[in-house]
Each structure stands twice: as structure tokens, then as C-alpha cells.
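Engineer: Each position in the sequence shown, counted from 1, maps to that position plus 4 in my numbering.
Backbone N, C-alpha and C fix where the C-beta goes; we use that ideal spot for every residue, glycine too.
Only a predicted model underlies this, so the values are computations on that prediction, with no experimental measurement involved.
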Amino acid sequence: MTIATQQWLDQVTEDIIDPDRPICDPHHHLWDHANSRYLLDQLLLDLRSGHRIVSTVFVECSSMYRAGAIEAMQPLGETEFVNGIAAMSASGQYGEARVCAGIVGYADLTLGHEVGAVLDEHLRLSDRFRGIRHAVGWDASPQIRNSHTNPSERLLSDERFLKGFSELAKRGLSFDAWLYHPQLEELIVLADLFEDTIIILDHFGGPLGIGPYANQRPAIFEQWKRDIKALAKRANVVAKLGGLVMPINGFGFHKRDLPATSDELVASTQAYYRYMIDTFGADRCMFESNFPVDKQ
């Protein structure tokens, strides 16, 4: 988070609604990039904005990988790093919130069954480790940025990936699915193949609104609804609601002189929220901050 971005956000302030409600934020990141730092200090500032955040879940973002380790084992550095942050928070020195009470890390499922050794090491490093996210967002258009894991097309049906995926349920681990809306049908097939694995749909399933998907929101919304309805019939799938106003979603709030108000966000996105809650049911939905991404 840069100073300029924070100054832009500070132009709009609003009263906190229901400040005493205990909240778990099930999806945020921590990183230290050249032009963007979001570590414990920055997270604590957001947690102290007025809501009562009592716990959080960290989700992988390629932070603090082990230098010098073989490629498959490099992501273990992220779990070590985040577990240290969690231990700091668990001391109580930084307030009520238990930061990174859960950890969703990364392991390359295309390793096939060999990924089991990586998963076991994640679990050895932290009893907070709950699952993995292997982002699979892919689109043929060069205007759509593919996921940071550089996935191939139709990775969810790749034989090596499926062998790796089969290692999750053996260890009681979940799978966070970050993909784009044209890939939702692939996720439905995956959910049917692995009914014993909890799949967590991130960011509404990534409805795209830029590049070849620009100016097609009504048609894309109808396609998205059909796929979400089918996905919700799979009892092993739950959903995180957030991450809907990133640049790829095409709402364009990041281009404005003033950030969006809550009322503007509701006007643009409430149909998605209502449909997800109505279709999945409130007990299978959770609200995520997706910070710091959703701050930018």
C-alpha cells in the first residue's frame, strides 16, 4: 500500500456500522514489495479502523519464499513467515485480534502425488495451516492477466494436477479456487470428482469485465448466475464474498479522482452478493476483505 493510495482512500470516510459484531476476516495477504508494503503494522491499522476483527486468515501471495531451496519447497518460507506473524499476534501484545489464526498456503499440485511431501512439511511448520490455494485464473486474451502461478489452460483437468489434488483430503486440507468466470464449469467437474475435499470459491468466481468482456455485463452476469447455481448444488463448495471490484472486474473505481462510497459499491455489486447468498445460503458464505488488494 503506497502513501499516495492511502491519501486517495482517505478522501472518503464513513461511520462504522455494527462496531461490536465479532468478525473473522477469512482472506487477506501480507507482503513486502518494492512499492507496496503490507505487513503486520499495516494490517493492524486496518483492523483498528472501528470494526471488531477478532481473527483473520492469511491466503498465499508468494511472500517470503525460501531462497536456495528446490522450487517445490520454496513456498514453505511463506508458511514460516506467516506463522511467525501469527505467533506475535497470539501474544496479545497487539490487541484482541488473532492475526493469521488460519493459514492457506501454496503447493504446486502439478507435482502430482509428490506434492504430499510438501503438504506434510507445511503441516509440520504450523498447526495453523488449513489448506492451499493454487490459483488457476487463465484466459486466452492478452488483456487479461493470468494468475501469479502462471497456470496453463484447463489446468483443473490436468492429470498431474488431479493427482496432486487427491492429496488434500487425505490430510483434511481445503482448496481455495481463484479462477475466472469462464472456468466455472471446470470447477464444477472438479468438485464432482473430489466430493470429500472442501473447495472455497474466491472472489465470486472472478466475473471479468475488461478486454473482450468489457461492455457485456448483463450477458456475463446471466452466464455467471447459471454456473454459480450449478456450483452451489455441490455440497463440498463454499464461497468467499469479496474481491469483486478489482480492475479485472471492470467497474473502474480505481480510475476515479475519489474512491467509491459504500452506497456506490452496493449499487454496482449488490446483485452479485444477493445471488450468491440466495443460492449458496448464508451458512456457506463468508465476507472477505481481500486486503490489501481491495484497497488499491
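Under 6 Å Cβ to Cβ from R238, same chain only, skipping five residues before and after it: list those, please.
Structural biologist: Excluding residues within five positions, the ones whose Cβ falls inside 6 Å are A195.
Engineer: Measuring CB to CB, does A212 end up less than 7 Å from Y184?
Structural biologist: With the sequence shown as reference, residue 212 is identified as Leu, and Ala is not the correct amino acid for it. In contact: L212 and Y184 (Cβ atoms closer than 7 Å).
Engineer: Can you tell me where the beta strand (DSSP E) holding R41 begins and where it ends?
Structural biologist: S40 to Y42 is the extent of the beta strand (DSSP E) around R41.
Engineer: Can you tell me the Cα-Cα spacing of S161 and D143, whole angstroms?
Structural biologist: If you take the alpha carbons of S161 and D143, they lie about 15 Å apart.
Engineer: Relative to the C-alpha of P146, which candidate in I214, R175 and S95 has its C-alpha closest?
Structural biologist: The shortest C-alpha separation from P146 is found at I214.
Engineer: Spell out a yes or no on whether the stretch 149 to 159 and the stretch 219 to 226 are touching, meaning 3 or more CB-CB pairs, one atom from each, closer than 8 Å.
Structural biologist: Short answer: they don't touch.
Engineer: So, with DSSP's three-state summary, where would you put L261?
Structural biologist: The residue asked about is misnamed: residue 261 is Asp in this sequence, not Leu. Looking at D261 - three-state DSSP - the assignment turns out to be coil, as it is neither helix nor strand.
Engineer: Can the beta-carbon of R128 be found closer than 7 Å to that of V63?
Structural biologist: Not closer than 7 Å, so no.
Engineer: For I148, which three-state DSSP category applies?
Structural biologist: Coil at I148, not helix or strand.
Engineer: On a CA-only basis, which of T283, L245 and S272 is nearest K233? Give me that one, please.
Structural biologist: Considering only alpha carbons, the answer is T283.
Engineer: If we ignore side chains and look at the alpha-carbon of each, how far apart do Y69 and P30 end up?
Structural biologist: Computed Cα separation, rounded: 22 Å.
Engineer: Between the Cα of I107 and those of V297, D124 and E82, spot the shortest distance and give me the residue it belongs to.
Structural biologist: Checking every option, the nearest Cα to that of I107 belongs to E82.
Engineer: What is the DSSP secondary structure of A105, reduced to helix, strand or coil?
Structural biologist: Strand.
Engineer: So, A139 versus L123, is the Cβ gap smaller than 7 Å?
Structural biologist: Result no, Cβ atoms of A139 and L123 do not sit closer than 7 Å.
Engineer: Using the Cβ count rule (16 or more neighbours within 10 Å means buried), how would you classify H207?
Structural biologist: The residue in question, H207, is buried, as its Cβ has 16 or more Cβ neighbours within 10 Å.
Engineer: Indicate the three-state DSSP secondary structure (helix, strand or coil) for M280 in the structure shown.
Structural biologist: Here M280 sits in helix by DSSP.
Engineer: Report the CB separation of E100 from V61 in whole angstroms; it is logged as a contact under 8 Å.
Structural biologist: Contact doesn't hold; Cβ gap of about 16 Å is too wide.
Engineer: When you compare each of K229, L48, F165 and P186 to F295 by their alpha carbons, which one comes out closest?
Structural biologist: Of the listed residues, the one whose Cα sits closest to F295 is L48.
Engineer: Do you know offhand how far V249's Cα is from L34's?
Structural biologist: Straight-line Cα distance between these residues: approximately 20 Å.
Engineer: DSSP three-state label for T273, please.
Structural biologist: It is helical.
Engineer: Within 10 Å of its beta-carbon, does N253 have 16 or more other beta-carbons around it, so buried, or fewer, so exposed?
Structural biologist: With 16 or more Cβ atoms within 10 Å of its Cβ, N253 is classed as buried.
Engineer: Does D29 come within less than 7 Å of chain B when only Cβ atoms are used?
Structural biologist: The structure shown contains no chain B, having only a single protein chain.
Engineer: Find the nearest neighbour of A181 within the set V242, V119 and M92, judged by alpha-carbon distance.
Structural biologist: Checking every option, the nearest Cα to that of A181 belongs to V242.
Engineer: Determine the direct distance from the alpha carbon of Q11 to that of H152, and round the result to whole angstroms.
Structural biologist: Near 28 Å, if we compare the C-alpha coordinates of Q11 and H152.
Engineer: In whole angstroms, what separates the C-alpha of F291 from that of C104?
Structural biologist: Cα-Cα distance, rounded: 16 Å.
Engineer: Given L51, which residues of its chain have a CB within under 6 Å of its CB, disregarding the five upstream and five downstream residues?
Structural biologist: Same-chain partners within the cutoff: I57 and A101.
Engineer: Measure the C-alpha to C-alpha separation of G168 and S130 and round it to an integer number of angstroms.
Structural biologist: G168 and S130: Cα-Cα distance of roughly 21 Å.
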